[in-house]
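Some notes on the structure that comes next.
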Amino acid sequence: MPKLKVSLLLFGILGWLLSSPTYCIELKYSPISLDQYLEIVRQSNSYNNGASLDVQTAMANKEAQSLYQFSPSVSYARGAYQNQTPYAPYNTPQSSTYGLSFTIEGWGKRSAREKLAQAETEASTVQLEKTRTTIELNALNTYIDTLRLAQMLKSYNEALRKLKSLQAGAKTVDAERFLNFYKISTEKDLSFAALNLLNYSGDSLQDLPYPKGNLNFPAQEYDAEELIVRAQSQRMEVLSLQSSIDVADKNISLKMQNRNVNVFPYISQTRTPQYQYSNGVSYTLPASPVGPSQTLTSPGTTYTAQNSISAGITIPIPINNYFQSADIVSAANQKLQYEMRLRDLKVQIRVQVLQALMQYSAAKDILSTAQGVYEATTKNPNKNPVLATMDSRDKEGALLDAKTNHLKALINLWRQSGNYAVPAL
Numbered sequence: 001m002p003k004l005k006v007s008l009l010l011f012g013i014l015g016w017l018l019s020s021p022t023y024c025i026e027l028k029y030s031p032i033s034l035d036q037y038l039e040i041v042r043q044s045n046s047y048n049n050g051a052s053l054d055v056q057t058a059m060a061n062k063e064a065q066s067l068y069q070f071s072p073s074v075s076y077a078r079g080a081y082q083n084q085t086p087y088a089p090y091n092t093p094q095s096s097t098y099g100l101s102f103t104i105e106g107w108g109k110r111s112a113r114e115k116l117a118q119a120e121t122e123a124s125t126v127q128l129e130k131t132r133t134t135i136e137l138n139a140l141n142t143y144i145d146t147l148r149l150a151q152m153l154k155s156y157n158e159a160l161r162k163l164k165s166l167q168a169g170a171k172t173v174d175a176e177r178f179l180n181f182y183k184i185s186t187e188k189d190l191s192f193a194a195l196n197l198l199n200y201s202g203d204s205l206q207d208l209p210y211p212k213g214n215l216n217f218p219a220q221e222y223d224a225e226e227l228i229v230r231a232q233s234q235r236m237e238v239l240s241l242q243s244s245i246d247v248a249d250k251n252i253s254l255k256m257q258n259r260n261v262n263v264f265p266y267i268s269q270t271r272t273p274q275y276q277y278s279n280g281v282s283y284t285l286p287a288s289p290v291g292p293s294q295t296l297t298s299p300g301t302t303y304t305a306q307n308s309i310s311a312g313i314t315i316p317i318p319i320n321n322y323f324q325s326a327d328i329v330s331a332a333n334q335k336l337q338y339e340m341r342l343r344d345l346k347v348q349i350r351v352q353v354l355q356a357l358m359q360y361s362a363a364k365d366i367l368s369t370a371q372g373v374y375e376a377t378t379k380n381p382n383k384n385p386v387l388a389t390m391d392s393r394d395k396e397g398a399l400l401d402a403k404t405n406h407l408k409a410l411i412n413l414w415r416q417s418g419n420y421a422v423p424a425l
């Protein structure tokens, strides 16, 4: 009797926990296919959009770097004008001087700068694709996990439906209690996993995504060497390092071309208006029979308007340009670092592909075994219908796990070998 009371108490507590409110908000599901979900991720994920903005920035910078650095400037000067007392007899008007100066870039600078900007644009595009594939892989694996839980919940509901059609008994009640416990647990896990899907879709989805489809995907056969060759040429990590090497190479060329000096031509024009110059000299003529004495003042000289033009050029002496090479050494070492990393990466890729292929082979064998066990169970069920239903559901759950692991192992093998396709579910 005490054991019975304890058992009833435990079942009561368990029932209260399972029936108690778990969420403070109502969760609503909306079915969505894998293709629809991944398209939303591509369009709405902030990391993808941020990488896309980096590409636009690089493209704008390329346009700017492709321009000639003409750098024109104008100047204006007024004067000199002497009208103080000491110079009163020698007053001159103000002159106006207009000047124009500009820059002529050293040979090869603009072309090298444009090529570097183009390489940076291509590197940004590769980085965008790398970001997209990383986000897509995480979203894809989360979708598969959620789909597995949805399929598992469907399996529990189907088993409960079969038990409902059987005659009520102690074993039937125990089986239903057992299945309901794991069904409720799976429902909670499904809600949790569906919430994870919202982490990759930005603010585009208001309801919880409910995965559509199944986990069925046929087993594949691959040649290890073909996968390795493809991975070493098409993996995003390889393409990213190759683009970095290209940027470093173009940077070296720019450092070399920057040693060529710029020259600075200029031209100016000075305009002086007409003015009268008087030195203030007076002459006195003595009286004569013809007339009285007279005092005459010299009228000075009238200067016509002046217009003078001057031109010149400034050419720096590139002493410092050729007595140091720190910038070139730094750029060359940066390129060498990328090349060494690419060499090591290709070695690592070979190992990663072989390991992924081994994992996939193991997952494929487990799937084949689980499929065989499930088919044998359904073809030769237990004579007891309750045990047959429970056994079939148990084997179906193991098969769903095997399908999930097989699909994830396949996707991992594809990614490791540079194949970024999405399986049809």
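For the sequence shown, our numbering assigns the number 1 to the initial residue and increments by one for each residue that follows. All residues carry an ideal CB built from backbone N, CA and C; glycine is no exception. Just so it is clear, the structure is predicted and the values come from calculations on it, not from any experiment.
Below 8 angstroms between beta carbons: does that hold for I349 and R235?
-> Your numbering for residue 349 matches position 349 in the sequence shown. Your numbering for residue 235 matches position 235 in the sequence shown. Yes, the Cβ-Cβ distance between I349 and R235 is below 8 angstroms.
Quick one: what's R78 bridged to in DSSP?
-> The count along the sequence shown starts at 1 and reaches residue 78 at position 78. Looking at the DSSP assignment, R78 forms a beta bridge with S96.
Per DSSP, cross-strand counterpart(s) of R271 | Mapped onto the sequence shown, residue 271 falls at position 271. Note: R271 sits in a beta bridge opposite S96, N307.
Output the boundary residues of the alpha helix (DSSP H) element that contains P385.
-> Within the sequence shown, residue 385 is the residue found at index 385, counting from 1. That run of the alpha helix (DSSP H) goes 385–416.
Which residue spans inside the stretch 35–67 form an unbroken alpha helix (DSSP H) run of at least 4?
-> 46–65
Please confirm whether P318 and F102 have their CB atoms less than 8 angstroms apart.
-> Locating residue 318 in the sequence shown gives position 318, where the first residue counts as 1. Locating residue 102 in the sequence shown gives position 102, where the first residue counts as 1. Going by C-beta atoms, P318 is not nearer than 8 angstroms to F102.
Can you name, in chain order, every residue of its own chain whose Cβ lies under 6 angstroms from the Cβ of P423, other than the five neighbours on each side?
-> Residue 423 sits at position 423 when you count from the first residue of the sequence shown. Within the same chain, P423 has close Cβ partners F217.
Could you tell me whether the Cβ of K335 comes closer than 8 angstroms to any Cβ of chain C?
-> Here chain C cannot be found, since the structure has a single protein chain.
Backbone secondary structure at Q69 - three-state DSSP | Along the sequence shown, read from residue 1 onward, the residue named residue 69 stands at position 69. Correct three-state label for Q69: coil.
Closest by C-alpha distance to A409, when choosing among K364, M390, I252, Q257 = In the sequence shown, residue 409 corresponds to position 409, counting from 1. That would be K364, whose Cα lies nearest to the Cα of A409.
8 angstroms contact criterion, which A193 and T146 should meet: CB distance rounded | Within the sequence shown, numbered from 1, the residue matching residue 193 stands at position 193. Within the sequence shown, numbered from 1, the residue matching residue 146 stands at position 146. Contact flag correct, Cβ pair sits at about 4 angstroms.
Inter-residue Cα distance where the pair is V238 and Y47 | Counting from one through the sequence shown, the residue named residue 238 turns up at place 238. Counting from one through the sequence shown, the residue named residue 47 turns up at place 47. Whole-angstrom Cα-Cα distance: 21 angstroms.
Which of helix, strand or coil does DSSP assign to A421?
-> Locating residue 421 in the sequence shown gives position 421, counting from the first residue. If DSSP states are grouped into helix, strand and coil, A421 belongs with coil.
Whole runs of the alpha helix (DSSP H) within the stretch 170–194, excluding any shorter than 4 residues | none
Smallest Cα separation from Y322: which of T377, A112, K255?
-> Taking the sequence shown and counting its residues from 1, one reaches residue 322 at position 322. The residue with the shortest Cα to Cα distance from Y322 is K255.
Other residues of its chain near N412: CB distance less than 8 angstroms, five sequence neighbours each side excluded = Taking the first residue of the sequence shown as position 1, residue 412 is located at position 412. Around N412: A356, Q359, Y360.
Helix, strand or coil at G372 [DSSP, three-state] = For this step, residue 372 is matched to residue 372 along the sequence shown. Looking at G372 - three-state DSSP - the assignment turns out to be helix.
Going by the CB atoms, is the gap between E122 and S243 shorter than 8 angstroms?
-> On the sequence shown, position 243 is the one that residue 243 refers to. On the sequence shown, position 122 is the one that residue 122 refers to. It is a contact, given that the beta carbons lie within the stated cut-off.
Could you tell me the distance, in whole angstroms, from the CA atom of L345 to the CA atom of E226?
-> Mapped onto the sequence shown, residue 345 falls at position 345. Mapped onto the sequence shown, residue 226 falls at position 226. Between L345 and E226, the C-alpha separation is close to 17 angstroms.
Inter-stretch contact at 8 angstroms, needing at least 3 Cβ pairs: the stretch 376–393 / the stretch 200–214 | no
Cα-Cα separation, L407 to L215 = The residue labelled residue 407 in the question sits at position 407 within the sequence shown. The residue labelled residue 215 in the question sits at position 215 within the sequence shown. Going from the Cα of L407 to the Cα of L215 covers about 7 angstroms.
P31 bridges to which residues according to DSSP?
-> Against the sequence shown, residue 31 aligns to sequence position 31. Y210.
What residues in its chain sit with their C-beta under 6 angstroms from that of A398, if we drop five residues either side in the sequence?
-> Taking the sequence shown and counting its residues from 1, the one referred to as residue 398 is at position 398. Closer than 6 angstroms at the Cβ level, and outside the excluded window around A398, lie A370.
If we count the other Cβ atoms within 10 Å of its Cβ and call it buried at 16 or more, is T186 buried or exposed?
-> The sequence position of residue 186 within the sequence shown is 186, counting from 1. T186 comes out buried.
I think V353 touches A231, with their Cβ atoms under 8 angstroms apart; what is that distance to the nearest whole Å?
-> Start at 1 with the first residue of the sequence shown, and residue 353 comes out as number 353. Start at 1 with the first residue of the sequence shown, and residue 231 comes out as number 231. Their Cβ separation, rounded to whole angstroms, is 5 angstroms, which keeps V353 and A231 in contact under 8 angstroms.
Should M340 go down as buried or exposed, given a rule of 16 or more other Cβ atoms within 10 Å for buried?
-> By one-based count along the sequence shown, residue 340 stands at place 340. With fewer than 16 other Cβ atoms within 10 Å, it is exposed.
In three-state DSSP terms, what is Q242?
-> Reading the sequence shown from its first residue, position 242 is the one you call residue 242. Looking at Q242 - three-state DSSP - the assignment turns out to be helix.
Helix, strand or coil for V290, going by three-state DSSP, please let me know.
-> Your numbering for residue 290 matches position 290 in the sequence shown. Reduced to three states, the DSSP call for V290 is coil.
Distance between W414 and Y420 (C-alpha atoms, nearest Å) | By one-based count along the sequence shown, residue 420 stands at place 420. By one-based count along the sequence shown, residue 414 stands at place 414. Their backbone Cα atoms lie some 7 angstroms apart in a straight line.
Reduced DSSP category for V263 - H, G, I as helix; E, B as strand; rest coil = What you label residue 263 is simply residue 263 of the sequence shown in a count that begins at 1. DSSP places V263 in strand when its eight states are reduced to three.
Measure the CB-CB distance between A117 and T97 and report whether it falls below 8 angstroms.
-> As a first step, residue 117 is located in the sequence shown; it is residue number 117 there, counting from the start. As a first step, residue 97 is located in the sequence shown; it is residue number 97 there, counting from the start. No, they are not a contact pair.
Put S111 into one of helix, strand or coil per three-state DSSP.
-> Within the sequence shown, residue 111 is the residue found at index 111, counting from 1. Helix, per DSSP.
Check whether the Cβ atoms of A51 and L128 lie closer than 8 angstroms to each other.
-> Position 51 of the sequence shown, counted from the first residue, corresponds to residue 51. Position 128 of the sequence shown, counted from the first residue, corresponds to residue 128. It is a contact, given that the beta carbons lie within the stated cut-off.
Express the C-alpha separation of S165 and L425 in angstroms, rounding to a whole number.
-> Here residue 425 refers to the residue found at position 425 of the sequence shown. Here residue 165 refers to the residue found at position 165 of the sequence shown. So the two alpha carbons sit approximately 32 angstroms from each other.
Which residues in the same chain as L241 place their Cβ atom closer than 7 angstroms to its Cβ, once the five residues preceding and following it in sequence are excluded?
-> Numbered from 1 along the sequence shown, position 241 holds the residue referred to as residue 241. So the qualifying residues of the chain are Y338, R341, L342, L345.
Please look up how many angstroms separate the CB atoms of G434 and S44, rounded, as I've assumed it's under 8 angstroms.
-> This structure leaves residue 434 out entirely; the chain is present only between 1 and 425.
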